[in-house]
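First comes the structure, then the notes that go with it.
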Amino acid sequence: MSDDDNRFRPRPGRIRSNGAKTGQAKSFLSKVRKIARQQQSGPGRSRTAKGGAGRSAKLVASGRGVQRGRGVSFVRARNLSNGWSHRQPGSRRVVVKSRSVRLAGRSGKAAAHLRYIQRDGTARDGERGRLYSATEDRADPQAFLDRGQDDRHQFRFIVSPEDAAELTDLTAYARDLMARLETDLGTKLDWVAVNHHNTGHPHVHVIVNGRDDLGQDLVINGDYLAGGIRERASERATLELGPVTEIEQRRKLLAVLDQDRLTRLDRP
Numbered sequence: 005m006s007d008d009d010n011r012f013r014p015r016p017g018r019i020r021s022n023g024a025k026t027g028q029a030k031s032f033l034s035k036v037r038k039i040a041r042q043q044q045s046g047p048g049r050s051r052t053a054k055g056g057a058g059r060s061a062k063l064v065a066s067g068r069g070v071q072r073g074r075g076v077s078f079v080r081a082r083n084l085s086n087g088w089s090h091r092q093p094g095s096r097r098v099v100v101k102s103r104s105v106r107l108a109g110r111s112g113k114a115a116a117h118l119r120y121i122q123r124d125g126t127a128r129d130g131e132r133g134r135l136y137s138a139t140e141d142r143a144d145p146q147a148f149l150d151r152g153q154d155d156r157h158q159f160r161f162i163v164s165p166e167d168a169a170e171l172t173d174l175t176a177y178a179r180d181l182m183a184r185l186e187t188d189l190g191t192k193l194d195w196v197a198v199n200h201h202n203t204g205h206p207h208v209h210v211i212v213n214g215r216d217d218l219g220q221d222l223v224i225n226g227d228y229l230a231g232g233i234r235e236r237a238s239e240r241a242t243l244e245l246g247p248v249t250e251i252e253q254r255r256k257l258l259a260v261l262d263q264d265r266l267t268r269l270d271r272p
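Using this note's numbering, the first residue of the sequence shown is number 5, and each one after it goes up by one.
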């Protein structure tokens, strides 16, 4: 018997996908691009609705919510209807997450969220989070809930400046930001907030009751929620800390190179 008879010879077949079961095989690069697009397309992006024919096929299902309401003048003046971006060189980066939560018949939902943002371990000293408002350093949570008990909805914001640790006073920053929002929206806002220092990035949780200063339902333009608040938050941080220098920008980019997550460097 020759050595050739005992030699193992693999015979690989054709590379095939699983067809209709799992769909077309995707490359690693295409998967990364898909995830990057999902990270980039938050509540401030719109997507075209699928299905239908003729005019109905052109309907846009927007993640920004209502396209009317307070703040629309600011959106038009700043051209925010197509999404938000850092257009001013040196602008300080601020992450803002905003949402509208329906409360009709769910007062317990509002109370639970208020307890959550005041939970132990969130303050700078590890103590319970302290609730404050535009005029009170220690706001009454029950009084805030009572004022909004008949509201059909409330707004919840998370504001996280990239350089929050360098701000002199996070509470003063939040109050200045909310005052600017009142100017843009043309109404006083009934709001409370809590500063959180339990992560690597200090941030502010803000809750706004769902009525304006005339007692009507507070309706905020969807593009303002998606981009207007972030624009104002970035302006306020830049005003206090000054524009980002080239040295700071280089340091920040180097800091994200080794992070095991998608960062701004991965965006197309």
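Note that beta-carbon positions come from the ideal geometry of N, C-alpha and C, so glycine has one too.
Where residue i falls, given that 16 or more other Cβ within 10 Å makes a residue buried
i	result
N225	buried
H205	exposed
N199	buried
Y136	buried
R13	exposed
F148	buried
T187	exposed
G231	buried
D124	exposed
Y177	buried
Beta-carbon proximity of residue i to residue j, cut-off 9 Å
i	j	result
S104	R151	no
L107	D155	yes
T191	L222	yes
S102	I162	yes
D216	V79	no
H209	R128	no
I211	H117	yes
R134	R142	yes
R236	L185	yes
A197	M182	yes
L218	R74	no
Beta-bridge pairing of residue i - partner residues as DSSP gives them
i	result
K101	I162
N199	V208
L135	V198
R74	I224
R106	H157
R215	D221
Sequence-distant residues of its chain with Cβ nearer than 7 Å to residue i (five each side left out)
i	result
R96	P165, E166, D167, S238, A241, T242, L245 and V248
H157	S104, V105, R106, L107 and G214
A114	L107, L149, G152 and Q158
R82	E235
Host alpha helix (DSSP H) of residue i (start-end)
i	result
S85	S85 -> no alpha helix (DSSP H), and no H or E assigned at all.
S238	I233 to L245
F148	P145 to R151
R184	L174 to L189
Beta-carbon proximity list for residue i, same chain, < 6 Å, skipping 5 on both sides
i	result
V76	N225
Q253	none
P145	L118 and L135
Any non-hydrogen atom of the ligand FAD closer than 8 Å to residue i Cβ
i	result
L229	For the structure depicted, the ligand FAD is absent and the ligand set is empty, with no information on it obtainable.
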